[in-house]
Every structure is written in structure tokens, then in C-alpha cells.
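Report on the following structure.
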Amino acid sequence: LHLRVHAETPKRLLDKAVAVMQRTGGRPTLMGDETVIRSLQHTGMTLEHARDYAIIGCVELASQGRTYNSADAALFNLPLCLELALNRGETFRGERLGLLTPPLAAMHGFNDVLAAFRAQVAFQVGQMQRAINRLEETYRVHRPTPVNSIMTQGCLAKGKDVTWGGGMYDYTSVQAVGLADAGDSLYALNKLVFEDRRFTLPQLVEILKADFAGHEPLRVELSRRFPRFGNGDKAADAMTQRAADAFTD
């Protein structure tokens, strides 16, 4: 359940929405019209059609009846990219998934860690793009959707199924998951290693590889006392923005 809100939304409606959210643990989701409409226009949608948007499932967007949106084409794991950045492109279990980025000994400051993280994100985005392209080429042949096409504006006029680009608007949407986790992890790493100097980077990574074995107080401290995204802490929020920028760039 979603509620579209904007500058002129009546206070009574907003208050009611918040009261419902307090009871349900987060529903309805509040969708900001100004940002959403501007974003849809940026993709090439007309203002009229952008204003007539609806939300697919969680947060994916479409102009109603005009859009073919592969709305959850991939889930992109941002925290995993940080793990790969801290282990030269391998998971902590030793599986090679990413680029050969610099060793920990060559990371003398937080910006070096951030650069390795961004490099891993960029590489994995390319991998994801290639996989999605192959899937969509396959869907055209093996999974056309005639009923969806009949109900989507543009398909009948073009004589094309939605999987062939018949819809008025045609999007493939990707979810960057673990965004707050990636931001919180960047914040904690910078704080522990480069600001407070409680650990060297190799020491902290060894603790992470061991899943905090022998360091339970640190695990509790990180999970309960460190700032996190979404609680009004500017430094933590800024780190999550950096993680988001690595993906959107």
C-alpha cells in the first residue's frame, strides 16, 4: 500500500498515514510526487504521463497502462562489492567474483577503500547488464506476453509484443539492495580504522573473515552503538549516499 504525497497533501491525511504506519511497521509507503515525477520525466516520459504514475510492488514506477517495466530484473548486492573490495575481488570464503583490486597493504586511506569499492561496483554492474541483455533476448522468443501487450498502450499500434518494445514506455528496473548496510559498513570501517585508529585495515578484515570470533564486544558495539543510516546522523547518511553514488554513477 502506497500513499502519494506532495507539498499540498492535507495534514490530516499525513497524520492518519503516520498513525497507520506506527501500527503496521511501515505501511503505507510514502512516495514523493515531486521527485518521482521529475525522475520519470528524466527518462523521457511526458509530464502528463509522469503525473499518472503508479507503483509496482515495492517502489518500482510506471505510467499506468502505458509502461512495460521489467520491474525487478535484478537484485544488485552492494555490501558484497565492499567485501570484494577488501579481499582483492574474492569473497571472504575465497570465491573469485570480482576485479583484482589493490591489496589491503596498498590502502593507506579511506579514499583507497572507496576507490576499490567503486571499481568492484562498476565491474559487477557490467556483469549484470550483460546477463539481463541475454535474458531479455531470450524472453522475446520464449516468453512473449500477448495479454499484457493487448492492455499496454502502443503495442497494437506498433504490432509488437511488449517484450519487443511495443509499449509506449519500456524500462528495465534494477534494485540496489543492502544500500543502508553498505553505507553503515563504510562508516564503521572509516571510523574504526582511519579516524579512531583502533585497528589496522588488515586486522579489521581478519576479524570480519572470522565472523567476529573472539571479538563479540566489537560485534555488539557495531550493532547497537554505532550510528546508522536513517537516524539523523549526517556522517552515517553521507556514507550511504556514497554507496548509492557508486551504483548510480
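Numbering (the working numbering), first residue to last: 1 to 249. Each residue gets a CB set at the ideal place from its N, CA and C atoms; glycine is no exception. Remember, it's a predicted structure, so these values are computed and weren't measured experimentally.
Would you give the residue range spanned by the beta strand (DSSP E) that residue i belongs to?
| i | result |
| --- | --- |
| G98 | Looking at the DSSP string, G98 is not in any beta strand (DSSP E), and its letter there is neither H nor E. |
| R4 | H2 to V5 |
Short of 7 Å in beta carbon distance, which residues of its chain neighbour residue i, apart from the five on each side in sequence? Order them along the chain.
| i | result |
| --- | --- |
| A188 | L222 and F226 |
| A85 | T101, V113, A116, F117 and Q120 |
| H49 | S63 and R66 |
| I132 | A73, A74 and T172 |
| A210 | none |
| W164 | R140 |
| Q41 | L47 and A50 |
| P103 | R88 |
Give the single residue among the options whose Cα lies nearest to the Cα of residue i.
| i | options | result |
| --- | --- | --- |
| V177 | G109, R134, N77 and L86 | N77 |
| V36 | A54, V20, P28 and P144 | A54 |
| R96 | C81, A105 and M107 | C81 |
| L286 | K158, I207, V125 and A157 | Residue 286 falls outside the range modelled here, since the chain spans only 1 to 249, and no answer is possible. |
| L3 | G94, L218, T29 and L61 | T29 |
| T248 | A235, V205 and Q175 | Q175 |
| A246 | F92, F123, M168 and K158 | F123 |
| F92 | E206, R224 and E216 | E206 |
| T46 | P144, F199 and M168 | M168 |
| A244 | E195, P79 and L1 | P79 |
Report all residues from its chain with a CB closer than 6 Å to the CB of residue i; omit the five preceding and five following residues, and keep chain order.
| i | result |
| --- | --- |
| K160 | G166 |
Could you name the residues of the same chain whose beta carbon sits closer than 8 Å to that of residue i, not counting the 5 residues immediately before and after it, in chain order?
| i | result |
| --- | --- |
| M107 | V113, A116 and L201 |
| M239 | G183, D184, L186, Y187, N190 and F229 |
| A19 | none |
| E34 | H6 and A7 |
| A105 | P202 |
Let's test the definition: count the other Cβ atoms within 10 Å of the Cβ of residue i and tell me whether it reaches 16, buried, or not, exposed.
| i | result |
| --- | --- |
| M151 | exposed |
| A180 | buried |
| G25 | exposed |
| N87 | buried |
| L204 | buried |
| L13 | exposed |
| G232 | exposed |
| A235 | exposed |
| L192 | buried |
| G57 | exposed |
Ends of the alpha helix (DSSP H) at residue i?
| i | result |
| --- | --- |
| L218 | E216 to R224 |
| T259 | As displayed, the chain neither begins before 1 nor continues past 249, which places residue 259 out of reach and without an answer. |
| A238 | K234 to T248 |
Taking only beta-carbon atoms, is residue i less than 8 Å away from chain D?
| i | result |
| --- | --- |
| A246 | Absence of chain D from the displayed structure is noted, only one protein chain being present. |
- List in chain order: all unbroken beta strand (DSSP E) runs of 3+ residues lying wholly within the region 115-202. 169-177
- Item | Every unbroken alpha helix (DSSP H) within the region 18-97, with a cutoff of 4 residues, ordered by chain | 33-42, 47-51 and 78-85
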